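Before any comments, here is the structure.
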Amino acid sequence: MKAVIRHIKPGDWLTMCIGCIVVVTLALEFWNGGLADSVVIKSRGKLFREVSLSHNQRIEVPGSMGISLVAIENRRVRIASDPGPRQYCVRQGWLKQAGEIALCLPNQVSVELVGSHRRYDSLSY
Amino acid sequence: MEERGVSNSISDSRSAILLHTTAEDHRIARMAAVALGLAIIEGAIPSPLPGVKPGLANIVTLIVLSRYGWRVAAWVSLLRVLAGSLLFGNFLAPGFFLSLSGTLLSLFALGMAMHLPGRWFGPVSQSIIAAFAHIAGQMIVVYLWLIPQAGIAYLIPVFAAAALVFGTVNGAIAASFLGNETGACNDVAGLKV
Chain A
1 MKAVIRHIKP GDWLTMCIGC IVVVTLALEF WNGGLADSVV IKSRGKLFRE VSLSHNQRIE
61 VPGSMGISLV AIENRRVRIA SDPGPRQYCV RQGWLKQAGE IALCLPNQVS VELVGSHRRY
121 DSLSY
Chain B
1001 MEERGVSNSI SDSRSAILLH TTAEDHRIAR MAAVALGLAI IEGAIPSPLP GVKPGLANIV
1061 TLIVLSRYGW RVAAWVSLLR VLAGSLLFGN FLAPGFFLSL SGTLLSLFAL GMAMHLPGRW
1121 FGPVSQSIIA AFAHIAGQMI VVYLWLIPQA GIAYLIPVFA AAALVFGTVN GAIAASFLGN
1181 ETGACNDVAG LKV
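As you go down the protein sequences, you meet chains A and B in turn.
For the first sequence, the positions run 1 to 125 when this note's numbering is used.
For the second sequence, the positions run 1001 to 1193 when this note's numbering is used.
Now the structure itself:
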């Protein structure tokens, strides 16, 4: 190992550091969904409301089983309660970044955070 | 290479075509064969993500670049891509164009990087720069031709991280080979070249 490091020149360490910076920059660029501006709430496949994240509020969304409660607080959103049996969407907790989605399948309610520009994914291109 | 010509030898009773080859041709063929061997060994290593490979054959390219210059290195790596695609059976398939574009761009980058001051920058720098150029070349083909939508962008940081790690490792291996041969010794890992 020492023998290998001996052959690495000072500029090579610089190149490695620049490489690390490039990787981190790319990761921030491509993995950060960006800040979300608003939340799209859908019920039974139809758009229910698109709400800005700037006001804290609670929204009652009627689904096929009952009412799902969507809570917006400090530019975050979560499903506060849901009539579904397994409560996956409630346990998902707060969503912050654009592109994050919580689905309450039994009640057919979904919330999706969207940013200023929409990103595509393999499900919705 | 320039004086290579084709001549029919009439004296031979068999109709043979003689290729006049130079010592440089032999060297290129030998190094390309070593690179090809490394590429095949590497093909046996399972990868968690298609496209993430160590690129061991580039160690040969780096050594050739430092010893014989850019032109020989270009011959060796392009021959490796061509012969490798014939061996792996993906000649003119998408995988072939991916490695061709990656190799072309990394050769271009190596042509630039080899002019960095040698006192400060060694094969490790060249290797890292070439590895980044390689994924850049592949991403260009992926975007323009294979998957013209943004889904693959999610994987770019992974590819870049792999390029950094494997570029550094390959460069360090090449550097220690080159560093150990200071002297009359002209023997790389038992390969007389």
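Just so you know, even glycine gets a beta-carbon here, dropped at the ideal spot from N, CA and C.
Note that the coordinates shown come from a computational prediction; the quantities given were computed from them, not determined experimentally.
Mapping DSSP to helix, strand and coil, what is residue i?
i	result
I59 of chain A	strand
S1085 of chain B	helix
Q1138 of chain B	helix
E112 of chain A	strand
Q87 of chain A	coil
L103 of chain A	strand
A1109 of chain B	helix
R1067 of chain B	helix
Q92 of chain A	coil
S1127 of chain B	helix
I1152 of chain B	helix
I1147 of chain B	coil
N1090 of chain B	coil
R1027 of chain B	helix
M16 of chain A	helix
L1178 of chain B	helix
P1157 of chain B	helix
R1119 of chain B	coil
I21 of chain A	helix
I1173 of chain B	helix
M1 of chain A	coil
N1022 of chain B	Contrary to the premise, residue 1022 of chain B reads as Thr rather than Asn in this sequence. Of the three classes helix, strand and coil, the one that applies to T1022 of chain B here is coil, per DSSP.
G1095 of chain B	helix
Leaving out the 5 sequence neighbours to the left and right, which residues in its chain are closer than 6 Å to residue i when beta-carbon positions are compared?
i	result
A1130 of chain B	S1106, A1109, L1110
S1099 of chain B	V1081
L1079 of chain B	A1032
W1070 of chain B	G1111
A1073 of chain B	T1061, V1064, L1065
G1167 of chain B	S1127, I1128, A1131
I1059 of chain B	N1170, I1173, A1174
Q108 of chain A	R44, G63, S64
Check whether chain B comes within 9 Å of residue i, counting only Cβ atoms and requiring the distance to be less than that.
i	result
A36 of chain A	no
C89 of chain A	no
G19 of chain A	yes
V22 of chain A	yes
A98 of chain A	no
L113 of chain A	no
V109 of chain A	no
W131 of chain A	Because chain A is modelled from 1 through 125, residue 131 of chain A falls outside the range shown and cannot be assessed.
P10 of chain A	yes
L47 of chain A	no
V4 of chain A	yes
When DSSP builds the beta bridges, which residues end up paired with residue i?
i	result
E50 of chain A	A:V40
L35 of chain A	A:Q97
I1041 of chain B	None, per the DSSP bridge assignment.
S68 of chain A	A:V61
I79 of chain A	A:V70
Any Cβ of chain A within less than 9 Å of the Cβ of residue i?
i	result
Y1068 of chain B	no
D1187 of chain B	Confidence at D1187 of chain B is low in this model, with a pLDDT of 46, below 50, so its placement is unreliable and no value can be given for it.
I1129 of chain B	yes
A1160 of chain B	yes
T1168 of chain B	yes
R1071 of chain B	no
I1173 of chain B	yes
V1141 of chain B	no
F1108 of chain B	no
V1081 of chain B	no
G1095 of chain B	no
G1183 of chain B	Confidence at G1183 of chain B is low in this model, with a pLDDT of 39, below 50, so its placement is unreliable and no value can be given for it.
F1121 of chain B	yes
V1064 of chain B	no
I1156 of chain B	yes
A1033 of chain B	no
F1132 of chain B	yes
L1056 of chain B	no
P979 of chain B	As shown, chain B starts at 1001 and ends at 1193. That puts residue 979 of chain B outside it, with no answer to give.
Using a Cβ-Cβ cutoff of less than 7 Å, which residues in the same chain neighbour residue i once the five nearest sequence positions on both sides are dropped?
i	result
P106 of chain A	M65, G84, P85
V1141 of chain B	F1097, L1098, S1101
K1192 of chain B	Because the pLDDT at K1192 of chain B is just 46, under 50, the model does not fix this residue reliably, and the point stays unresolved.
L1178 of chain B	I1063, S1066, P1123
Which same chain residues, not among the five before or five after residue i, have their C-beta less than 8 Å away from its C-beta?
i	result
L69 of chain A	R58, I59, E60, V61, I79, A80, S81, D82
Verify the contact flag: residue i, CB atom, against every heavy atom of the ligand GDP, threshold strictly below 8 Å.
i	result
V23 of chain A	As for the ligand GDP, it is missing from this structure, which has no ligand bound.
Could you name the residues of chain E that residue i contacts, counting a contact when the two beta carbons are closer than 7 Å?
i	result
I101 of chain A	Given the protein chain composition of this structure (A and B), no chain E is represented.
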